[in-house]
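Heads up: the sequence lines are chains A and B, in that order. Using the numbering used here, the first residue of the first sequence is number -19, and each one after it goes up by one. Using the numbering used here, the first residue of the second sequence is number -19, and each one after it goes up by one.
There are 2 protein chains.
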Amino acid sequence: MEKHSLKTIAQKLGISVATVSKALNDYKDISAATKKKVKDLAEELNFVPDSVAKSLRAKQSRLIGFIAPDLLHHFFFNILSGVLKVAQEKDYYVIVASSEDNMENEIRQLHLLVNKRVDGILLALSDNTLDYGHVNNVLQNDTPLVLYDKVSKAVKCSKVVINDRKAAQMATQHLIDIGCHKIAEVRGHFNALTAIDRFIGYRNTLRDNGIPYKREIVFEANGPTINDGIAIADRIFEHKDNINGILCHNDLLAIGIIIRLNELGVKIPEEIAILGFSDSPYTKITQPSLTTIKQHGHEIGRKACEILIEEIEAKVEKRPFKLKTIEVPIELIKRKSTSKSLT
Amino acid sequence: MEKHSLKTIAQKLGISVATVSKALNDYKDISAATKKKVKDLAEELNFVPDSVAKSLRAKQSRLIGFIAPDLLHHFFFNILSGVLKVAQEKDYYVIVASSEDNMENEIRQLHLLVNKRVDGILLALSDNTLDYGHVNNVLQNDTPLVLYDKVSKAVKCSKVVINDRKAAQMATQHLIDIGCHKIAEVRGHFNALTAIDRFIGYRNTLRDNGIPYKREIVFEANGPTINDGIAIADRIFEHKDNINGILCHNDLLAIGIIIRLNELGVKIPEEIAILGFSDSPYTKITQPSLTTIKQHGHEIGRKACEILIEEIEAKVEKRPFKLKTIEVPIELIKRKSTSKSLT
DNA sequence: TTGTACGCGTTATCAT
DNA sequence: ATGATAACGCGTACAA
């Protein structure tokens, strides 16, 4: 089965390439008879137009670049699946790349995608990205770009986010409602806006409930893994008397903490209640199961991709497009790790 | 920042397009002086050659299509990360698509990728793929394709697999070695070669150890989820007296079984030992932690991508290429769910 | 109703 | 050392 082009069809039929092209695209000025002739032969030869040539002419690649900070967290898979869903519906292809949570790599991937002439880019900023020149370059280069999850105010583009402040507020309030008044926070470093917003939500909620904020029970993890959680748990254990609830920025950290506290004989949730972020599948398996803030990754992916495609198509049709920031709702999923009902 | 082409550079410099192209590509027959002139201006204008036009001429898109049966299993993420790694090194882009474990979708995705003129395709067959015409079409279409993980003998192409028979043999032998002689098997349906091979490994190992095979303790799960495992556990419980070890084809199923058996008060591993496949991150979290066969997804991805690119480049240089089948080693990871030492 | 001619941006070949 | 030309495959304004 060799590859055929308009030319081969034209030759076999003894007509011009232009006619073949028009026939296949149902131009009105082609007779029904030739249309049929052409289409039949195309069918028979299994002809498909060369999308590269098409892209060259149309100045559209139908390619979308998707950059994730890592491919380890379940969360980004959920997002990717949402992206693929929408892209497929709208007839776009998705190129996947990982920045490995590293700014240089982020820059490199962005360059590669722009050079590949993708029609648009979906990006979650790496936690180590502190300067946004490379992202703004892409925008100035007139390539539509949508930030998702990890965003920055220093970039003027559409964004899809979760309201981290509100999420942390819901989480903290939940802990307070079940009777915790000594609530520790476990988070990553402050580069990411996400971490800052959650911290603010946490702190404000304490304030609104008349609970003093105590710096000594806020812990900063080295990384987002189970082992980092285990390490933190030992430090929490030292402050055991000052803590009866933990707001943890990340499910994996929370799981590590649960594992270690179990080993140390601390009763969860009776002595210390704990709550995570992400609703990763792990949360159902831990002992006890983990209360968590669900972030609806699939939905984030869908929305981000939808907006991006809208923007791409607006650009093609030279319509103006106004930037949007969409907030995807979060959800508190209550499980056993916060199931005590103290008074 | 507008987009520039060779033409704009040529005009600004008052020289021909051909010269500009040659200068940028370091042709020997261009004077050092003009080379410098051209390169400086290109730099200044932030010129990047249009990869679409390049592809059109070179008949190479530098695009690789990656089709996974689903994007839920951690395993495929590992594979994807291996693929991305190699692709990046060799300067290829990866388009990701999911067949959703559904043959029609697999066909559709394959078509789309071929139409997009990808240079090659990485495919894991869906469990519901029973006929391979569509895959063979791709090969006849002269698009290099490598099957990974889920493969079929009915397709003549390079393959990257794990030796499922051997894996099941290792697993079964391990159960026997720790003293289990009543070993149940839990698997999915038999469409997938994988399931068949594991079954053969299981059965042969029983035979080699003089243990009779009993059909009534082989269970077929409806799907690969935790809930399916929970359902199976109830059936296992009915046969409790005839089972003291479980070979489970899938970590999620195993986790479901553990959860339910815990609830039913069955002691693991003392009364029943259990073992899974995949080394998903969950395995460290269950109570007890789960012994498993690690499949090195990252390595599968790397190898598959390497072979594919070799084949692509052989094709470009019109060298012959001989198909390979690579076996990625598996590993038995011992954890607490099989830690008894009976005699 | 059909065909001619050109352009998209690049590179290879052949003249100059 | 440089440039004119053609070609990759497609779509379209314009001419016939």
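For each residue, glycine too, the CB sits at the ideal point set by N, CA and C.
**OP:** Tell me where the beta strand (DSSP E) around Arg240 of chain B begins and ends.
**Re:** Where Arg240 of chain B is concerned, there is no enclosing beta strand (DSSP E), although the alpha helix (DSSP H) it sits in stretches over 231 to 243.
**OP:** Have a look at A:Glu291, A:Asn5, A:Lys8, A:Leu25 and flag the residue whose alpha-carbon is nearest the alpha-carbon of Leu(-7) of chain A.
**Re:** A:Leu25
**OP:** Identify the contact partners of Arg215 of chain A in chain B, using a Cβ-Cβ distance below 7 Å as the criterion.
**Re:** By Cβ distance, chain B contributes nothing, its closest Cβ being about 21 Å from Arg215 of chain A, past 7 Å.
Original post:
Do we get a CB-CB distance below 7 Å when we pair Gln267 of chain A with the residues of chain B?
Top reply: For Gln267 of chain A, the answer is yes, since a Cβ of chain B falls inside 7 Å of its Cβ.
Original post:
Do Glu311 of chain B and Lys274 of chain B have their C-beta atoms closer together than 7 Å?
Top reply: yes
**OP:** Closer than 7 Å by beta-carbon distance: list the chain A residues that pair up with Asn95 of chain B, in chain order.
**Re:** Val28, Ser31
Subject >> the segment 74 to 85 of chain A in contact with the segment 132 to 151 of chain A per 3-pair CB rule at 8 Å >> reply: Using a C-beta cut-off of 8 Å, the segment 74 to 85 of chain A makes no contact with the segment 132 to 151 of chain A, since fewer than three inter-stretch Cβ pairs fall below that distance.
Original post:
In three-state terms, what does DSSP make of Val98 of chain A?
Top reply: coil
Original post:
Under the DSSP definition of a beta bridge, which residues are partnered with Ser61 of chain A?
Top reply: Answer is none; Ser61 of chain A lacks a bridge partner.
**OP:** Return helix, strand or coil for Ser319 of chain B, following the three-state DSSP convention.
**Re:** Per DSSP, reduced to three states, the secondary structure at Ser319 of chain B is coil, with no helix or strand assignment.
Subject >> Below-7 Å beta-carbon distance, Tyr262 of chain B vs any chain A residue >> reply: yes
Subject >> Beta-ladder partner(s) of Ile313 of chain B, from DSSP >> reply: B:Thr272
Original post:
DSSP three-state call for Cys160 of chain B: helix, strand or coil?
Top reply: coil
Original post:
In whole angstroms, what is the alpha-carbon distance linking Arg145 of chain B and Ile226 of chain B?
Top reply: 16 Å
Original post:
So the beta strand (DSSP E) Glu366 of chain B belongs to, where does it begin and stop?
Top reply: With chain B covering -19 to 323 only, the question about residue 366 of chain B has no answer from this structure.
Original post:
What do you get for Thr123 of chain B, buried or exposed, if any count of 16 or more other CB atoms within 10 angstroms of its CB means buried?
Top reply: buried
Original post:
Is there contact here, the segment 164 to 182 of chain A with the segment 285 to 299 of chain A, by at least three beta-carbon pairs under 8 Å?
Top reply: no
Original post:
Roughly how many whole angstroms lie between the Cα atoms of Phe217 of chain B and Val246 of chain B?
Top reply: Pairing Phe217 of chain B with Val246 of chain B, the inter-Cα distance amounts to about 9 Å.
Original post:
Taking Cβ positions only, does Phe57 of chain B come closer than 7 Å to chain A?
Top reply: yes
Original post:
Do the segment 246 to 260 of chain B and the segment 150 to 157 of chain B make contact, defined as three or more Cβ pairs closer than 8 Å?
Top reply: The segment 246 to 260 of chain B is in contact with the segment 150 to 157 of chain B.
Original post:
Which partner residues of Ala253 of chain A appear in the DSSP bridge assignment?
Top reply: A:Gly225
Original post:
How big is the Cα-Cα spacing for Asn58 of chain A and Val131 of chain B?
Top reply: 26 Å
Subject >> Where the segment 63 to 79 of chain B meets chain A: residues whose CB sits under 8 Å from a CB there >> reply: Leu64, Gln68, Tyr73, Val74, Ile75, Val76, Ala77, Ser78
Original post:
Buried or exposed: which applies to Asp107 of chain A, given that a residue is buried once 16 or more other Cβ atoms fall within 10 Å of its Cβ?
Top reply: buried
Original post:
Among residues of its own chain, excluding the 5 on either side of Thr(-1) of chain A, which ones have a beta-carbon nearer than 8 Å to its beta-carbon?
Top reply: Ala(-10), Ile10, Thr14, Val18
Original post:
Can you tell me where the alpha helix (DSSP H) with Phe179 of chain A in it begins and where it stops?
Top reply: Start and end: 173 to 188.
Subject >> Three-pair Cβ contact test at 8 Å for the segment 53 to 72 of chain B versus the segment 50 to 57 of chain A >> reply: yes
**OP:** Name, please, each residue of chain B whose Cβ falls closer than 7 Å to the Cβ of Leu36 of chain A.
**Re:** Val32, Ala33, Leu36
Original post:
Got a sec? Which residues, its chain only, sit under 7 Å from Ile292 of chain A by beta carbon, not counting five neighbours each side?
Top reply: Asp99, Gly100, Pro124
Subject >> Of the residues A:Gln68, A:Pro204, A:Tyr128, A:Ile156, the one placed nearest Gly168 of chain A, counting alpha carbons only >> reply: Cα-wise, what sits closest to Gly168 of chain A is A:Pro204.
**OP:** May I ask you to list the residues that DSSP assigns as paired with Ile47 of chain A?
**Re:** A:Ala77, A:Leu103
**OP:** Between the Cα of Asp208 of chain A and those of A:Ile238, A:Ile313, A:Lys194, A:Pro192, spot the shortest distance and give me the residue it belongs to.
**Re:** Minimum Cα distance to Asp208 of chain A is reached at A:Ile238.
Original post:
Grouping DSSP H, G and I as helix and E and B as strand, with all else coil, what is Lys16 of chain A?
Top reply: helix
**OP:** Note down the Cα distance separating Glu165 of chain B from His229 of chain B, rounded to an integer number of angstroms.
**Re:** 8 Å
Original post:
On the three-state DSSP scale, how would you describe Val28 of chain B?
Top reply: coil
Original post:
Quick one: is Tyr262 of chain B buried, meaning 16 or more other Cβ sit within 10 Å of its Cβ, or exposed?
Top reply: With 16 or more other Cβ atoms within 10 Å, it is buried.
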